[in-house]
Amino acid sequence: MPFEMNFGWTTPIGEVVLGATKADGGTRRISYRIGGGTTLPFLESSPSSPAPLIAFEICDNPDFWSPIVKDYCGDVVNNANEWAKKADADYGADLVRLHLTSTKQRNFSDIASLGSVVEGVLSATSLPVIIEGSNEPKIDSEVYQKCGEAGQGERLLLGTAEAGKYRSIAAAALAYNHSIIAQSPIDINLAKQLNILLKEIGVQRDHIVIDPYTGALGYGFEYSYSAMERIRFSALKGDTDLAMPMICSSADTLTIKEVREAGDGLQDETAIQWELFTCLAAATAGAEILCVRHPGTIVPLRKALAGMKQPAQSAGVP
Amino acid sequence: MALKALDIYKLLPKKNCKECGDPTCLTFAMKLAGGKADLDLCPYLSDEAKSVLGATTRPPIRLVKIGVGTKNFKVGEETVLYRHEKTFYHPPGLVFRVTDTMPAEEIVAITRRVRDEVLTRVGADLRFNGIAIENVSGSAETFARAVETVEKVEAHLPPVLISKDTAALKAALVHCGTYRPLLHAATQDNVQEMCALARQHGCPLVVRSGSLDDLVNLVKTCTADGVTDLVLDLAPENFGEFIRRSTAVRQLAITRAVPDLGYPVYLNAAETGQEDAAVALGIVKYGSVIVTDPLPSGSAKAALTLRQNIYTDPQKPIQMNPGIYRVGSPDKDSPVLMTVNFSLTFFTLQGYLESARVPCFMLIVDTEGLSVLTAVAAGKLSEMLVRDSIKTFGLENEVSHRKLIIPGYASPLSGRIEDATGWKVLVGPRDAAEIGEYLHQEWKK
Ligand code: B12
Ligand code: SF4
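First to last, the sequence lines map onto chains A and H. If you count by my numbering, then the first sequence holds residues 59 to 376, one letter each, in order. If you count by my numbering, then the second sequence holds residues 246 to 690, one letter each, in order.
This is the structure in structure tokens:
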């Protein structure tokens, strides 16, 4: 093509490795190297970087989970190990993201049990795993310590660090060589600041995945979309404090009116489509890990991403 | 590259005759500089002015109007690659496709669906925009009949006529030739005849090729032939090629590097084998006319919502005027619910209040368009704001009680609002979906 798009990018997106295989001292059957992009998403005409990964989200206490997903998945939601196995073998996810929702129970104190939950999921699936710890400052440090320890050697992705709470998660990541998710509320400057804070306490750039926060489609998604575009753009222009891969979770989408009240027989279809639309748009804006909660989203999403990653073909036009 | 308004002004006739629709040559120059006006509107330009200004002042992407009447839609005239740089102005037309081999009833049903289906979100009615009729039968007569079937519904939807065969298009144009249908498509093989048809009926025309070089040549041929309302079909073989070509066209057009690519982009999602995904990608990646088979309910709503999201102005959230709003016919004893002036919040709450069937007042305070949680986090929602709003809007005259229901997410402010206003504050639920139940249980007490 004689028409070259010239953006003047200077800096590639940094790379982060998720999961450790036997060769790297872990037990995962595969590990992923994400990032490395040198231009806007999907613009390389012979793509070298992999397609965005699809993470399936599960939890250890489904009380806090969308009823649509619970109805669809059935009993398996009560057993995180079985659910993880299914996410891997049946649903076809690339990653399993375990939310320790049990920590949301009032006065939760059984920290010791979390270690075995994490170990259980790690033995139920040999995919790389993302662990979401607690949301309760009082127990944070113990929870992350436990998770980090239970996943030692597996190169987990630990979530979620925020400006007000990043020390305990960073400590666990540093101690056991895991990576972390750094979340900020839809603001490029806040994203950058948090990454700098993490850098200052010793978390390397290749251990950080940015979560710019994904508002639900129709409820703030447009802000997230632009925040992601701006982060990617600034990174490529040379801002190394933003040059990390991004993660997007469409989880909020299942809680909105249009999906909850889709009507009889339409709930699954609606949930899948809203997750699909959110994830595809997020991928074009730069997200490299796409998290879904409805199993039915994975197949169409993977198919579309494969198409987006296809190289130029010989100019055979129908 | 882009000229400043004053440079442009120097080249204008300075007659201030208003014939361009602007009061003075200077204001016309300012519009030209912003890519907001067409040079042809001034009849008195010197040849020199025309040649200097021609390439640099027309909008980098031409505005193309499809259809006539109240349902026409306009696409193009975009100026940026990223919505955060300014905004995206003209949302893509989403067009449902029928084929001429479908039974007439099915064609009628789909046409009616496009006419009638509406998703109301944030105070806006979101609709599909047109109907594409594709000639797959190979027969001009059958094609013309299908177009006639669509037109007989009298839905007045902008049509897209898809056929390689100019004879078929000619036959179809008998039924809709005066409605500015979009013709698809001119290729190297038929460009002359297509231009003749487009000129004769004043139609916009799609040019199609998988190579940008070919597209430029086609565009040159068409414009030389007097057909300037053009739309580009990039004939992508896969989603990757769509994203790459569409981005290239946008980038090369807005920088005016290749002015002949300065036209809106067409995407036939029905051709891609995965329509829902194609529609999503078309919306975010610069598609302007997106043809698809009728989408099932889930993806139809997702598509309309994504389009609404991507095409809102990133600089200012859609806002309501602060003030007092009524739901039903409230009286002096009716409840008052306070919320913010972010449209999405307002309409979400209003919807649930209407279905709760409790007449009430909504007190909308000015948080500069921020949602409840965002306004609380940003400190934009304060007790002073609530106090002043009650005073300014005269809430005291509307109700005889002094009770104010605030959003659950604003509960940290409840004490301070009570102190500042003297009103008793009731903390409502966090989720507006629970407001009906809450009012039925709590208000009657
Ligand atoms: C989109 C968004 C933004 C947009 C703004 C959009 C807007 N116009 O408000 C932008 C990107 C600008 C933004 C900015 C910020 N944001 Co923000 N944002 C969001 C997001 C994703 C969605 C908000 C939204 O649109 N919600 C939908 C509307 C309809 O919700 P709502 O107004 O709350 O209304 C609901 C209820 O409150 C209830 N309700 C409403 N009115 C009433 C009235 C009554 C009487 C009752 C009973 C109920 C009720 O009904 C509605 C539906 O259930 C949320 C995350 C989330 N999931 O909510 C974060 C979020 C609100 N933001 C957050 C933050 C921190 C910020 C910033 C402060 C960050 C910063 N420092 O820059 C800024 C502040 C703004 C500023 N300084 O300019 C945090 C708040 C944290 C907290 N719990 O306090 C959130 C929760 C994200 C997070 N998890 O970190 N944000
Ligand atoms: S039509 Fe031409 S001469 Fe007349 S006011 Fe407009 S720019 Fe000036």
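Even glycine gets a Cβ: it sits at the ideal position worked out from N, Cα and C.
- When DSSP reads this structure, A/Ala345 sits in a beta bridge with A/Met304.
- Three or more beta-carbon pairs separated by less than 8 Å link the stretch 140–158 of chain A to the stretch 105–123 of chain A, which places the two stretches in contact.
- Within chain A, the residues Gln331, Leu334, Phe335 and Pro358 have their CB atoms less than 8 Å from the CB of H/Asp521, given in chain order.
- Against H/Thr557, the close residues of chain A are Glu280, in the order they occur along the chain (beta-carbon pairs closer than 8 Å).
- At a cut-off of 8 Å between beta-carbon atoms, A/Ala339 makes contact with chain H.
- In this structure, DSSP gives H/Lys249 a state outside helix and strand, which the three-state scheme calls coil.
- In the same chain as H/Thr517, and ignoring 5 residues on each side of it, the C-beta atoms closer than 6 Å to its own belong to Ala523, in chain order.
- The Cβ atoms of A/Asp269 and A/Thr218 sit closer than 8 Å to each other.
- Residue pairing by DSSP places H/Thr365 opposite H/Asp370 in a beta bridge.
- Between the alpha carbons of H/Val363 and A/Thr355 lies a distance of about 25 Å.
- Interface flag for H/Asn554 against chain A is set, since a Cβ pair is found closer than 8 Å.
- Three or more Cβ pairs drawn from the stretch 205–221 of chain A and the stretch 77–85 of chain A lie within less than 8 Å of each other, which places the two stretches in contact.
- A/His157: member of the beta strand (DSSP E) spanning Leu153 to His157, first to last residue.
- Look at H/Leu594: its beta carbon is less than 7 Å from one of the heavy atoms in the ligand B12.
- Approximately 19 Å separates the beta-carbon atoms of H/Lys465 and H/Leu442; this is outside 8 Å, ruling out the contact.
- Contact annotation for A/Tyr283 against chain H: Arg328, Val529, Asn554 and Ile555 [CB-CB distance below 8 Å, chain order].
- At least one heavy atom of the ligand B12 falls within 7 Å of the beta-carbon of H/Phe587.
- If you check the C-beta of H/Gly673 against the ligand B12, you find a heavy atom less than 7 Å away.
- The three-state reading of DSSP puts H/Met439 in helix, counting H, G and I together.
- Residue pairing by DSSP places A/Val350 opposite A/Phe114 in a beta bridge.
- Between H/Val476 and H/Asp505, the C-beta spacing is not below 8 Å.
- Within the same chain, and ignoring the five residues on either side of H/Asp370 in sequence, the residues whose Cβ sits closer than 7 Å to its Cβ are Val363.
- Taking C-alpha positions only, A/Leu98 is separated from H/Ala548 by approximately 23 Å.
- For H/Gly568, the enclosing beta strand (DSSP E) begins and ends at Gly568 to Val572.
- Going by beta carbons, H/Ile376 and H/Leu402 fall inside the 8 Å limit.
- Counting along the chain, no beta strand (DSSP E) covers H/Phe487; the unbroken alpha helix (DSSP H) around it starts and ends at Phe484 to Ile499.
- Contact note: A/Met63 reaches chain H through Thr492, Ala493, Gln496 and Leu497, using a C-beta cutoff of 8 Å and chain order.
- Check the Cα spacing between A/Phe279 and each of A/Thr336, A/Leu294, A/Asp148 and A/Asp245: the tightest is with A/Thr336.
- Interface flag for H/Ala525 against chain A is set, since a Cβ pair is found closer than 8 Å.
- In the DSSP assignment, the residues bridged to A/Tyr277 are A/Ala274.
- Pairwise C-beta distances place the stretch 343–363 of chain H out of contact with the stretch 427–435 of chain H, as fewer than three of them are shorter than 8 Å.
- Among the residues of the stretch 642–663 of chain H, none has a Cβ less than 9 Å away from any Cβ of chain A.
- Placement of the Cβ of A/Glu287 at a distance of 7 Å or more from every heavy atom of the ligand SF4 is found.
- DSSP places H/His685 outside any beta strand (DSSP E), giving it a letter other than H or E.
- In the DSSP assignment, H/Pro404 is bridged to H/Ile376.
- For A/Ser103, the neighbours in chain H by C-beta distance under 7 Å run, in chain order, Arg489.
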